[in-house]
Amino acid sequence: MTRLALVPALSLAALLGLSACSDGGAGSAAPAAPPKPELTPAQKAVLLAALPAPYNQGDLDNGRRVFARCRSCHTVTEGGPNMTGPNLYGVFGRQAGTAAKYNYSNAVKTAGFVWDAEKLDHWLENPRTFLPGNKMTFPGLPDATDRRDVIAWLKVETGYVPAGAPPAAQ
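Counting from 371, one number per residue, gives the positions in the sequence shown under this note's numbering.
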């Protein structure tokens with residue numbers, strides 16, 4: 371076969387191979403769900419207002435800035451990867467030490483509590499004294515306003531839906 375005769379044959383083989391990748395047949399993985407659209411500023415304001423005090427008074431911009439200190443170890447997007455620390459999407463209401471595919475310290479695995487704003491506030495103030503034996507090296511956030519703001523921001527950004535939140539926020 372000449373080189374020119376091989377080109378159409380190879381093109382057809384490549385086309386058939388590519389079409390088999392997207393045929394959805396047996397053995398192929400289900401297509402990933404499309405990512406949820408990002409909340410609009412108005413939706414974020416509704417969620418913030420629905421949070422219990424004092425978090426409903428949080429400054430989301432400050433919370434985002436404060437969380438920048440945490441980004442080297444944590445992600446917050448749904449289905450986001452674990453890094454040095456676990457992904458925080460859905461953290462509120464989750465049993466401590468149970469994020470999928472994250473290797474927790476024994477102290478966190480056996481902590482026996484569910485994450486809520488109060489627990490996270492104490493954790494963020496000083497992780498070492500809140501739960502001795504954990505592996506988080508972050509020294510903490512001493513400022514109560516910064517903790518309030520980062521918790522409010524996390525609630526808005528990590529899928530938390532306050533009880534009785536208006537339908538637009540859900």
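Every residue, glycine too, gets a C-beta built ideally from N, C-alpha and C.
{"Check": "Can you name the residues that DSSP bridges to residue 484?", "Outcome": "465"}
{"Check": "Quick check on residue 497: buried or exposed, where buried means 16 or more other Cβ atoms within 10 Å of its Cβ?", "Outcome": "buried"}
{"Check": "List the whole-angstrom C-beta distance separating residue 436 from residue 519, where the pair is believed to meet the contact cut-off of C-beta under 8 Å.", "Outcome": "6 Å"}
{"Check": "Alpha carbon to alpha carbon, what distance is there between residue 488 and residue 443?", "Outcome": "22 Å"}
{"Check": "Alpha carbons only, please: which of 509, 530 and 522 is nearest the one belonging to residue 439?", "Outcome": "509"}
{"Check": "At the level of alpha carbons, what is the spacing between residue 429 and residue 464?", "Outcome": "24 Å"}
{"Check": "In this structure, how does DSSP classify residue 431 when only helix, strand and coil are distinguished?", "Outcome": "helix"}
{"Check": "Which residue wins for smallest C-alpha separation from residue 448, given the options 454, 460 and 523?", "Outcome": "460"}
{"Check": "If we count the other Cβ atoms within 10 Å of its Cβ and call it buried at 16 or more, is residue 525 buried or exposed?", "Outcome": "buried"}
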